Amino acid sequence: MKRKLLKSQLRKKNMKDLSSKAIKFYSATGLDNVNYRTYSKREETFIEEIREGVLKNNYKFTRYKEKLILKNRYSYPRCISIPTLKDKLTLKVILETLKEYFPQEARPPLPQECIKAIRMELDKEIYTHFIKLDLSDFYGNITQEILMDKIKVIIKDELLLELIINAIKNPTYPKIKCEEKGIPQGLSISNILAHIYMNEFDSIKGDFFLIRYVDDILILCNEENHDRIYKETTGFLTSNLKLILNDKKEEKGLLVEESFNYLGYKLGLNKMGTSMISVKKSNMEKQEKRIINLITKYKYQQEKTGSSYSTKAFIFELNLIITGAVSKNMDEQSDSYKRYGWVFFYSQINCLDRLYHLDRFIDNQIKNLNLPKKEEKKIKKFSKTYREIKFNLIKSKYIFKPDEMSINEKQKILHYYGIEKFNSEKDIEYFFRKIVYKKIKENEIDLISGVS
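The numbering of the sequence shown is the UniProt record's numbering, which starts it at 1 and goes up by one.
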């Protein structure tokens, strides 16, 4: 398993397949401003340039484009690095090769999968205390030398190693000099590299339960080993991995007396010793605010003459907030179906009163909208969405599944927004993605921002 893995990824046919998966008409452009249309015309040339550059060990990445994402008014913006479309394909080649070498790190767990594991541990009724740790600027504080040493234990291919180090050292505009510390966020290889870096820590076993989601770490333990485990884990993170802990987000406490927030959930034990899994208070408030904002938008648009925002569009968007969506065409870095939405994210709760609260909240908020009864009946329920997700997801027609829609059904939704003239089916797909997929992603980004 030396150079064969990389060379097999660089075969022309495979590169064409990877290109079709990684580069879409909606893909963000990099610093060279080459868009999908231009890329498509030059695809063969780009593929040949990548193959030749990698095999001759002289491939040069273009500086990444900077995109700043603000989580809230109190935090610093997060810097996302956007590669050119050509470099994006090269990074996809690296990713697929890394997956072959590191299959366990290829798919990190989802937040709700982490919560499910925590819930199972809590239900064992063997732990009394918890420790929460947070890594400060996790990606930015990864030591490149330590990362590459870990990779070199498994990978001996010098071409691949050189390609990886060039990708992580490549600066993000306006910087010119190579990055000497950290790995860029937002690249297709960022997550798998971070998991490789943390693999040894994640594999620590002992008389406690440890789980990590990106930079959020949770430990369940008992009073007699509480202090020792804290010292050992923090020591490993700071000494062995050279990471920095965020003391302001650190928490310790008793599981019964003090519930705690983790990955947007509220967790703890009741007096009977069984798990309580609910929604973090601020995230409930955020969901209510999202609903109110949509209702306010609808009221405002109805007062405007000539507005193209219809009642049907309002109910469609409200139902998107309620049910979320299932699709494999939205994430260009994934070939499998992904689940988007609030109820999917909180599918591990066992305090179902939160769902009924939101159903009542919507009922109360829409009372004064004077919606036609026929349209009002189309508004869906959080509680039913939860049941569909738990017991009927594959067959469910209640959850929005855009991949299963016909071109006529997509066109009908676009009519809700006053878009009625199309030159081709490609136009319909373009506007559907631009409007509908964008709304699903906006809901998802807002949801993920409430995780930590």
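For glycine and all other residues, C-beta sits at the position ideal for the given N, C-alpha and C. Please read these numbers as outputs of a predicted model, since none were measured by experiment.
Cβ pair residue i, residue j closer than 8 Å
i: Val279; j: Leu269; result: no
i: Ile277; j: Gln348; result: yes
i: Ile315; j: Glu375; result: yes
i: Glu96; j: Gln9; result: yes
i: Ser382; j: Val326; result: The sequence shown places Phe at residue 382, not Ser. No, the pair does not count as a contact, with Cβ atoms beyond the cut-off.
i: Gly273; j: Glu125; result: yes
i: Ser239; j: Lys92; result: no
i: Asp202; j: Leu263; result: no
i: Leu245; j: Ser136; result: yes
i: Ser259; j: Lys266; result: yes
i: Cys79; j: Tyr213; result: no
i: Ile379; j: Asn319; result: yes
i: Ser310; j: Tyr197; result: no
i: Phe46; j: Tyr127; result: no
i: Lys328; j: Lys312; result: no
i: Phe391; j: Leu414; result: no
i: Glu317; j: Lys439; result: yes
i: Ala117; j: Ile219; result: no
i: Leu160; j: Leu89; result: no
i: Ile291; j: Phe236; result: no
i: Ile142; j: Ala194; result: yes
i: Lys401; j: Met330; result: no
i: Ile407; j: Ile428; result: yes
i: Pro184; j: Ser81; result: yes
i: Ile164; j: Ile146; result: no
i: Tyr36; j: Lys24; result: yes
Beta-bridge partners of residue i, as assigned by DSSP
i: Gln325; result: Per the sequence shown, the amino acid found at residue 325 is Ala instead of Gln. Answer is Tyr340 and Phe400.
i: residue 459; result: No answer is possible for residue 459: the residues shown for the chain start at 1 and end at 452.
i: His129; result: Cys221 and Leu254
i: Ile211; result: Leu218
i: Phe260; result: Leu267
i: Asp134; result: Asp216
i: Ser81; result: Glu66
i: Leu245; result: Leu135
i: Thr172; result: Tyr64
Proximity winner among the options, relative to residue i (alpha-carbon distances)
i: Met148; options: Ser136, Leu98 and Gln9; result: Leu98
i: Gly182; options: Lys242, Asp216 and Cys351; result: Lys242
i: Ile94; options: Glu258, Ile192 and Glu145; result: Ile192
i: Ile321; options: Tyr416, Glu52 and Asn443; result: Asn443
i: Ser424; options: Arg339, Phe209, Gln411 and Tyr298; result: Gln411
i: Phe102; options: Leu5, Pro77, Lys65 and Ile219; result: Leu5
i: residue 520; options: Arg360, Lys271 and Glu179; result: Absent from the structure is residue 520, since the part of the chain shown begins at 1 and ends at 452.
i: Asp157; options: Ile219, Gly324 and Asn57; result: Asn57
i: Ile399; options: Tyr386, Glu409 and Ile407; result: Tyr386
i: Glu66; options: Asp353, Lys116 and Gly186; result: Gly186
i: Glu43; options: Glu251, Met15 and Val54; result: Met15
i: Tyr437; options: Asp353, Glu420 and Tyr340; result: Tyr340
i: Asn283; options: Arg354, Pro174 and Lys297; result: Arg354
i: Leu110; options: Glu404, Lys426, Tyr346 and Asp363; result: Tyr346
i: Gln144; options: Glu420, Asp123, Ser190 and His357; result: Ser190
i: Thr296; options: Glu121, Tyr430 and Asn368; result: Asn368
i: Asp123; options: Asn370, Lys252, Lys271 and Asn225; result: Lys271
i: Lys286; options: Leu358, Asp247 and Lys299; result: Leu358
i: Arg107; options: Lys248, Asn199, Glu121 and Ser20; result: Asn199
i: Cys351; options: Arg119, Lys21 and Val34; result: Arg119
is_contact[residue i, chain B] using C-beta, thresh 8 Å
i: Thr233; result: You won't find chain B in this structure, because it holds only one protein chain.
Check your understanding: Between the stretch 119-131 and the stretch 220-234, do three or more beta carbon pairs fall short of 8 Å?
Key -> With the cut-off at 8 Å, the stretch 119-131 and the stretch 220-234 touch.
Would you be able to state if there are at least three C-beta pairs under 8 Å between the stretch 27-36 and the stretch 76-94? Flag = yes, the stretch 76-94 and the stretch 27-36 touch.
Q: Assess, as a yes-or-no matter, whether the stretch 155-172 is touched by the stretch 45-65 under the definition of 3 or more beta carbon pairs within less than 8 Å.
A: Because the criterion of three Cβ pairs below 8 Å is met, the stretch 45-65 and the stretch 155-172 touch.
Task: Whole runs of the beta strand (DSSP E) within the stretch 8-76, excluding any shorter than 3 residues - done: List check, beta strand (DSSP E) in window: 65-69.
Note to self: Closer than 8 Å is the cut-off here; do at least three beta carbon pairs connect the stretch 38-54 with the stretch 7-22?
What the structure shows: In short, these stretches touch, since the Cβ pair count reaches three.
Practice item. Pick out the complete alpha helix (DSSP H) segments inside the stretch 343-391, 4 residues or longer, and give them in chain order. Key: Counting whole runs of 4 or more residues, the stretch 343-391 contains the alpha helix (DSSP H) stretches 353-365, 373-376 and 382-391.
**Q.** Length at least 4, wholly inside the stretch 97-130: the alpha helix (DSSP H) runs in chain order
**A.** Listed in chain order, they are 111-122.
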